[in-house]
Amino acid sequence: MELHQLRYLVRVAELGSFTAAAADLHVSQSGVSAQVAKLEHEVGHRLLDRRGRTIAPTDAGRAVLPYARAALDSVANITTVSDELSGLVRGSLRLGTVIGCTIPGYLAGFAHFRSVHPGVSVSVVEDNSDRLLADLVAGRLDVVLAAHADPLPAGVTGHTIVREPLAAVVRRDRGWASRTAIACADLADATVLTLPAGTGVRTALTATCAAARVEVTPAVSAHSPESVLALVELGSGVGVLTATMAAGHGDLVSIPISESVQTSLSLAVGPTPSAAARAMVTMLTERLTAPR
Numbered sequence: 001m002e003l004h005q006l007r008y009l010v011r012v013a014e015l016g017s018f019t020a021a022a023a024d025l026h027v028s029q030s031g032v033s034a035q036v037a038k039l040e041h042e043v044g045h046r047l048l049d050r051r052g053r054t055i056a057p058t059d060a061g062r063a064v065l066p067y068a069r070a071a072l073d074s075v076a077n078i079t080t081v082s083d084e085l086s087g088l089v090r091g092s093l094r095l096g097t098v099i100g101c102t103i104p105g106y107l108a109g110f111a112h113f114r115s116v117h118p119g120v121s122v123s124v125v126e127d128n129s130d131r132l133l134a135d136l137v138a139g140r141l142d143v144v145l146a147a148h149a150d151p152l153p154a155g156v157t158g159h160t161i162v163r164e165p166l167a168a169v170v171r172r173d174r175g176w177a178s179r180t181a182i183a184c185a186d187l188a189d190a191t192v193l194t195l196p197a198g199t200g201v202r203t204a205l206t207a208t209c210a211a212a213r214v215e216v217t218p219a220v221s222a223h224s225p226e227s228v229l230a231l232v233e234l235g236s237g238v239g240v241l242t243a244t245m246a247a248g249h250g251d252l253v254s255i256p257i258s259e260s261v262q263t264s265l266s267l268a269v270g271p272t273p274s275a276a277a278r279a280m281v282t283m284l285t286e287r288l289t290a291p292r
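When we follow full-length UniProt numbering, the leftmost residue of the sequence shown carries the number 1, and every step to the right adds one.
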């Protein structure tokens, strides 16, 4: 039994195809098939059901796969510890961020990490915060920059960058611009533009309105704060974001929403972050929290 055989087994099971696994692993399909067959001979059981269009684990395969993954993780951890003892940071890092991330300091921190640790391969995923945190818990991501109104999931460590209430964002030439606060009841009769379900802002808006016993149905759910702000500037409605998100737009005014649930922007890692993950969090935190 060899490590590459376990690696091939796990990848075929995940992708459901010898062809896809071979392409992902950069080896021949025949090589993957032959090594998995040798592994099956070694353990004395069929581990993959090759019938049908999709390859699926057999009962024996489902029993073996957790141990195969654990063995591969252990070897990766040995490599990580060895590198840390040598003062090296290398390997791969999966970073997840909110969609259309233009937060000041983010790109500067990312660029600094790449210049200091060129041996780390970084892949970036953009998604709604709920899915980013779920992928972090599942081990599909190593570091996430996510907005959330609820507490972070168990086992996740967060470094809060900013925590603030919601604000109604309007044009300076609109009637609400002179107000000092906006109530949820006001939003119920307005054309509300905000972020989609699964984002920290939307979760905070739902919780705030529920506490006020007011139903607010957004007219538009845009994937990025910039899209919401652009629509507000064009007179399409009232934006619901945070004051930080609207900063720098001189034609717009941010008005606090009364008794708003707060939303946080946090850098988060799982229970056993790698050296690369810890370094990324450190460098992003330095830039994201730097005085502007």
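Positions of the beta carbon are idealized from the N, C-alpha and C atoms, including for glycine.
By the three-class DSSP mapping on this structure, what secondary structure does residue i have?
{"i": "E226", "result": "helix"}
{"i": "H45", "result": "coil"}
{"i": "G250", "result": "coil"}
{"i": "R213", "result": "coil"}
{"i": "R94", "result": "strand"}
{"i": "V75", "result": "helix"}
{"i": "D59", "result": "helix"}
{"i": "A188", "result": "helix"}
{"i": "S33", "result": "helix"}
{"i": "V27", "result": "coil"}
{"i": "L231", "result": "helix"}
{"i": "A21", "result": "helix"}
{"i": "A138", "result": "coil"}
{"i": "H117", "result": "coil"}
{"i": "residue 307", "result": "Missing from the structure shown is residue 307; the chain here goes from 1 to 292 and no further."}
{"i": "E14", "result": "helix"}
Cβ of residue i within 7 angstroms of Cβ of residue j?
{"i": "V162", "j": "L205", "result": "no"}
{"i": "T203", "j": "L145", "result": "no"}
{"i": "H112", "j": "M280", "result": "no"}
{"i": "V216", "j": "C209", "result": "yes"}
{"i": "G105", "j": "L288", "result": "yes"}
{"i": "T194", "j": "P218", "result": "yes"}
{"i": "P57", "j": "A13", "result": "yes"}
{"i": "V169", "j": "V232", "result": "yes"}
{"i": "C184", "j": "A212", "result": "yes"}
{"i": "L93", "j": "A276", "result": "yes"}
{"i": "Q5", "j": "T19", "result": "no"}
{"i": "V143", "j": "L187", "result": "no"}
In the DSSP assignment, what are the bridge partners of residue i?
{"i": "residue 319", "result": "The structure shown has nothing for residue 319, since the chain only spans 1 to 292."}
{"i": "H159", "result": "L267"}
{"i": "V124", "result": "L95"}
{"i": "R171", "result": "L252"}
{"i": "L241", "result": "A167"}
{"i": "L193", "result": "V220, G239"}
{"i": "I257", "result": "I182"}
Using the Cα positions of residue i and residue j, report the straight-line distance between them to the nearest angstrom.
{"i": "D251", "j": "T191", "result": "19 angstroms"}
{"i": "residue 296", "j": "P151", "result": "There is simply no residue 296 to check, as the chain begins at 1 and stops at 292 in what is shown."}
{"i": "L265", "j": "A68", "result": "36 angstroms"}
{"i": "P165", "j": "L3", "result": "50 angstroms"}
{"i": "G248", "j": "S254", "result": "11 angstroms"}
{"i": "P256", "j": "H117", "result": "41 angstroms"}
{"i": "A34", "j": "D135", "result": "32 angstroms"}
{"i": "D73", "j": "A154", "result": "21 angstroms"}
{"i": "T244", "j": "V228", "result": "14 angstroms"}
{"i": "T79", "j": "A70", "result": "14 angstroms"}
{"i": "A207", "j": "T263", "result": "11 angstroms"}
{"i": "V32", "j": "S260", "result": "55 angstroms"}
{"i": "D59", "j": "V43", "result": "13 angstroms"}
{"i": "R172", "j": "G91", "result": "50 angstroms"}
{"i": "G100", "j": "T54", "result": "35 angstroms"}
{"i": "A268", "j": "S82", "result": "24 angstroms"}
Can you find a C-beta in chain D that's less than 7 angstroms from the C-beta of residue i?
{"i": "L231", "result": "Among the chains of the structure shown, chain D does not appear; only one protein chain is present."}
At least 3 beta-carbon pairs within less than 8 angstroms: the region 129-149 vs the region 192-199: yes
Three Cβ pairs or more, each shorter than 8 angstroms: is that satisfied between the region 40-56 and the region 7-27? yes
Any contact between the region 116-124 and the region 226-241? By contact I mean 3 or more CB pairs, one from each, below 8 angstroms. no
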